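Read through the structure below, which is laid out as structure tokens, and then see the notes.
In the working numbering, the protein residues as written are 569 to 901.
Structural data, given as structure tokens:
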């Protein structure tokens with residue numbers, strides 16, 4: 569009897585221990601659930617460093633006013649997140665995401681715009697697009713691009729006036745759309761009119777190479793974005809195999825900045841590998857439609873925003889199925 573009783577006790581203790589182990593395994597904590605030694609502020613610092621070549625060239629190209637735009641816009645995003653954190657009693661500015669948002673927004677502003685416009689856009693990006701939806705990781709679209717679209721809709725004349733002391737003519741894309749000749753070499757180097765951080769293709773690609781080498785981004789989204797856009801331009805641009813026209817389209821506007829620094833945003837891109845390719849192709853096609861058939865010369869911002877809105881659907885369609893589920897033999901006896 570003692571042996572049987574001891575056996576029951578041992579069996580009960582074993583089940584209790586196993587239940588405790590299972591309980592620990594099933595315990596759900598707050599996101600993110602996939603842990604990594606690479607912290608958010610390390611990733612954001614890498615993005616800031618990668619943006620410095622393009623931002624620095626923008627200051628060199630447009631002068632001290634470009635630096636003022638950057639400082640004011642970054643200050644507005646950081647201060648807005650700090651004040652909201654004080655209100656919610658949870659400070660999050662140390663992750664540097666507000667700095668990245670402010671820097672990206674400033675680089676998408678024309679240098680001749682009023683200095684207050686970046687501050688207004690910074691408040692909108694952080695307060696409306698990011699914090700009111702739960703903060704970093706919960707926003708459904710890129711805050712910097714959402715703020716730029718907000719400013720474009722609210723102040724179209726100010727946001728599309730690229731005249732400044734350095735350049736008085738139209739942007740290369742606007743000239744290209746009007747059928748005028750453009751200097752592709754100047755576009756690649758960055759000696760053209762445009763927003764503060766989008767003009768130098770060389771500086772943008774140099775920063776993107778840093779992110780790729782550090783493993784922060786890969787080429788799935790930017791590669792599929794750029795290739796699909798190039799194919800679309802060759803097919804529907806009306807210039808045939810005009811590679812100078814194609815080069816100008818690739819080097820002009822915010823295509824490179826959007827492809828490498830905004831479309832690859834961890835929060836607003838698809839998480840599946842196939843989904844990222846679909847996302848990139850969608851962005852390339854939409855950018856081509858906006859540029860070639862739309863009334864304006866640019867379309868990167870609106871293409872990425874539309875892509876952000878479709879991310880849940882893209883993930884649903886491209887999510888891998890569990891082994892044995894949904895296959896041809898599923899449900900057989």
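Note that the Cβ used here is the ideal one computed from N, Cα and C, for glycine as well. It should be emphasised that the depicted structure is a prediction, and the values quoted were computed from it without experimental measurement.
What is the DSSP secondary structure of residue i, reduced to helix, strand or coil?
i	result
residue 641	helix
residue 740	helix
residue 711	helix
residue 724	helix
residue 678	strand
residue 763	strand
residue 754	helix
residue 530	In the structure as shown, the chain begins at 569 and stops at 901. Residue 530 is therefore absent and cannot be evaluated.
residue 785	coil
residue 884	helix
residue 705	coil
residue 869	helix
residue 730	coil
residue 656	helix
residue 855	helix
residue 664	coil
residue 863	coil
residue 748	coil
residue 845	helix
residue 669	helix
residue 628	helix
residue 879	helix
Leaving aside the five residues before and after residue i along the sequence, list all residues of the same chain whose C-beta is less than 7 Å from its C-beta, in chain order.
i	result
residue 668	612, 615 and 616
residue 526	No answer is possible for residue 526: the residues shown for the chain start at 569 and end at 901.
residue 874	854
residue 637	674, 677, 679, 683, 686 and 764
residue 640	683, 686 and 687
residue 872	710, 713, 826, 830, 831 and 851
residue 757	768 and 770
residue 633	679
residue 726	681, 682 and 685
residue 842	886
residue 627	634 and 635
residue 856	797, 800, 801 and 804
Here's a check: name, in chain order, each residue in its chain whose Cβ is nearer than 6 Å to the Cβ of residue i, leaving out the five neighbours to either side.
i	result
residue 743	750
residue 844	788, 789 and 838
residue 598	Caution is warranted here: a pLDDT of 47 is assigned to residue 598, below 50, making its placement in the model unreliable, and the coordinate value is therefore given only provisionally. Same-chain partners within the cutoff: there are none.
residue 849	792 and 796
residue 771	621, 622 and 625
residue 918	Past the edges of the chain, shown from 569 to 901, lies residue 918, and the structure says nothing about it.
residue 824	769 and 772
residue 618	775, 778 and 779
residue 665	612 and 704
residue 698	707 and 711
residue 879	838
Got a sec? Which residues, its chain only, sit under 8 Å from residue i by beta carbon, not counting five neighbours each side?
i	result
residue 877	708 and 709
residue 659	650 and 653
residue 609	662, 663 and 664
Does at least one heavy atom of the ligand ATP sit under 7 Å from the Cβ of residue i?
i	result
residue 698	Ligands are entirely absent from the displayed structure, and the ligand ATP is therefore not among its contents.
Within 8 Å, do at least three Cβ pairs link the stretch 865-885 to the stretch 730-747? yes
Please confirm if the stretch 802-817 is in contact with the stretch 684-703, defined as three or more CB-CB distances below 8 Å between the two stretches. no
Take every Cβ of the stretch 707-721, pair it with every Cβ of the stretch 776-790, and state whether three or more of those distances are shorter than 8 Å. no
Would the stretch 809-820 count as touching the stretch 868-888 if we require 3 or more Cβ pairs under 8 Å? no
Could you say if the stretch 819-833 and the stretch 772-787 meet the contact criterion of at least three C-beta pairs nearer than 8 Å? yes
As an exercise, report each continuous alpha helix (DSSP H) stretch of at least 4 residues that is fully enclosed by the stretch 786-828, in chain order. 788-804 and 811-819
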